[in-house]
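What follows is a set of notes on a single structure, which appears directly below.
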Amino acid sequence: MLSTSFGFSNDLCFCNWDFDFQSGGPSWDVLKGRKDGRVSKASDTINLPAPTFNVSQLIQSFAKRALGVKDLVALSGGHTLGFSHCSSFQNRIRNFSSMHDVDPNMNLQLAEVLRKKCRKPHTDRSAGTFLDSTSSIFDNEYFRQLTQGKGVFGSDQALFIDDNTKSTVEAFAKDQSLFFGEFAASMVKLGNVGVIEKGEVRLKCASVN
1 MLSTSFGFSN DLCFCNWDFD FQSGGPSWDV LKGRKDGRVS KASDTINLPA PTFNVSQLIQ
61 SFAKRALGVK DLVALSGGHT LGFSHCSSFQ NRIRNFSSMH DVDPNMNLQL AEVLRKKCRK
121 PHTDRSAGTF LDSTSSIFDN EYFRQLTQGK GVFGSDQALF IDDNTKSTVE AFAKDQSLFF
181 GEFAASMVKL GNVGVIEKGE VRLKCASVN
């Protein structure tokens, strides 16, 4: 049952906490009292980092939310439980550039697997892949795969290529406890982004009161 003291946006924070924890991930304190906004715009999704972003674009996007480079890498580790449809990485496995059919930063065995899952012509809109090999377990496998060129998104693999983020990826790949601690700290910071002081507690998620 939805609490009348905080909104659906706060419920989402608790859902993230529960899903990660039940999958073997870390726990953190979820701050209560977050209100819902009175305006929702589908166009706001354009502000989300795209799977084609390079590290400079990612850093800029996170900085707008007062999140640093370590937050960027740690929160990207949430992709350990992620799934993507073919459209988000299709550009990496076919016709990547005039010089390379496949993104040269992608492991060729992974590229072949993805090409079989995402065949041309692309008629199955549900086709896609999990973002790491332990899709139901919250762990640091995502980072280990980045060190092997097995990041599915271009934005993920870029974290291991760019000097601003590579050392953090390597550290998380070697030390799962370190990743868990930084992920939990970054989730607390993320939960404080865009807090609305004069919002409301919606009675129905899809509409304002």
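Under UniProt numbering, think of the first position of the sequence shown as 1, with each following residue one higher. Glycine included, C-beta positions come from ideal geometry on N, C-alpha and C. Remember, predicted model here, so these are calculated numbers, not experimental data.
Beta-carbon within less than 8 Å of residue i's beta-carbon, same chain only, minus the 5 sequence neighbours each way: which residues are those?
i, result
"Ala111", "Arg92, Ile93, Val102, Asp103"
"Asp146", "The residue asked about is misnamed: residue 146 is Leu in this sequence, not Asp. Around Leu146: Asp156, Gln157, Leu159, Phe160, Val169, Ala173."
Can you list, in chain order, the residues of its chain whose CB lies under 6 Å from that of residue i, leaving out five sequence neighbours each side?
i, result
"Asp11", "Caution applies to Asp11, whose pLDDT of 42 falls short of 50 and renders its modelled position unreliable; the value that the coordinates give is listed next. The answer is none, since no qualifying residue turns up."
Helix or strand or just coil, what does DSSP make of residue i?
i, result
"Gln88", "This sequence places Ser at residue 88; Gln is not what is there. Ser88 falls in the helix class under three-state DSSP."
"Thr129", "strand"
"Asp163", "coil"
"Ser76", "helix"
"Ser177", "helix"
"Leu67", "coil"
"Leu48", "coil"
"Gln148", "coil"
"Arg115", "helix"
"Lys189", "helix"
"Gly154", "helix"
"Phe14", "Residue placement at Phe14 is poorly supported in this model, since its pLDDT is 40, which falls under 50; the coordinates are not used for a value here."
"Ile93", "helix"
"Ile59", "helix"
What are the partner residues of residue i, as DSSP defines its beta bridges?
i, result
"Phe83", "Phe130"
Cutting at 7 Å between CB atoms, please list the residues of its own chain near residue i, excluding the five before and the five after it.
i, result
"Ile137", "Ser23, Gly24"
"Asp162", "Val55"
Inter-stretch contact at 8 Å, needing at least 3 Cβ pairs: the stretch 127 to 138 / the stretch 149 to 163 = yes
Is the stretch 113 to 127 touching the stretch 178 to 188 in the sense that three or more CB pairs, one from each, lie closer than 8 Å?
-> no
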